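Q: Got a structure for you, questions after.
In this note's numbering, the protein residues as written are 1 to 186.
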């Protein structure tokens with residue numbers, strides 16, 4: 001294919017499709033049992049791989065599109081439109097920041113760490129600004145500090161997701177090395 005933009009768009013669609021399939025294979029963890037959100041899944045891996053392969057701008061775009069599709073087609077839950085934007089659209093868009101590691105040594109692993117951390121920050125902001133009204137009891141203790149509540153709540157699912165994503169990206173680094181190196185530079 002001569003048109004690299006068309007090829008990149010096609011790759012983005014494939015990676016979004018892979019992430020969508022993976023979004024249906026999630027394990028509820030942490031506070032998600034009987035509560036809001038939080039599950040262990042592999043959805044960030046294709047988003048990180050694409051972002052590190054194609055760069056930040058493309059990674060942000062694919063993350064944004066995936067977040068929208070995940071909300072509308074994978075049982076997205078939000079208490080208002082702001083929480084929909086932050087917890088789906090912007091949170092998965094933030095995973096695209098993994099693209100800053102494009103072409104760098106250990107880029108896939110470091111990109112996974114950056115993307116996961118960026119997604120956590122968006123969820124944390126959502127927790128302290130939108131879900132502040134839901135703060136209260138956590139781990140059998142009453143917590144009145146929205147910052148602490150958001151930190152603890154979001155850590156219950158984002159920390160295991162980060163560990164899983166970084167570990168699998170470490171495993172995938174060698175098998176994907178030729179694939180990652182073949183991405184045309186724009």
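Cβ coordinates follow ideal geometry from the N, Cα and C atoms, glycine included. Predicted model only: the values in this text are computed from it and were never measured.
1. Could you check what DSSP says for residue 40 in three-state terms: helix, strand or coil?
2. Which class does residue 132 belong to by DSSP, given the choice of helix, strand or coil?
3. Report the partner residues of residue 114 according to the DSSP bridge assignment.
4. Which of the three DSSP states is assigned to residue 27 in this structure?
5. Pick helix, strand or coil for residue 5, following the three-state DSSP scheme.
6. How is residue 75 classed by DSSP in three states: helix, strand or coil?
7. Using only CA atoms, which one of 127, 104, 116 lies nearest to residue 44?
8. If distances are taken between C-alpha atoms only, which option among 120, 23, 55 comes closest to residue 11?
9. Report yes if the C-beta distance between residue 154 and residue 127 is below 8 Å; otherwise report no.
10. Could you check if residue 21 is buried or exposed, using at least 16 other CB atoms within 10 Å of its CB as the buried criterion?
11. Indicate whether residue 92 and residue 63 have their beta-carbon atoms separated by less than 8 Å.
12. What span of residues does the alpha helix (DSSP H) with residue 92 cover, start to end?
A: So, from the listed chains and residues:
1. Here residue 40 sits in strand by DSSP.
2. Residue state, collapsed to three classes: helix.
3. In DSSP, residue 114 forms no bridge with anything.
4. Collapsing the DSSP output to three states places residue 27 in a strand.
5. Note: residue 5 maps to helix in three-state DSSP.
6. Coil.
7. The option with the nearest alpha carbon to residue 44 is 116.
8. Ranking 120, 23, 55 by Cα distance to residue 11 puts 55 first.
9. Yes, the pair counts as a contact, with Cβ atoms nearer than the cut-off.
10. Exposed is the call here.
11. The answer is yes: Cβ separation under 8 Å.
12. Looking at the DSSP string, the run of the alpha helix (DSSP H) that includes residue 92 is 91-95.
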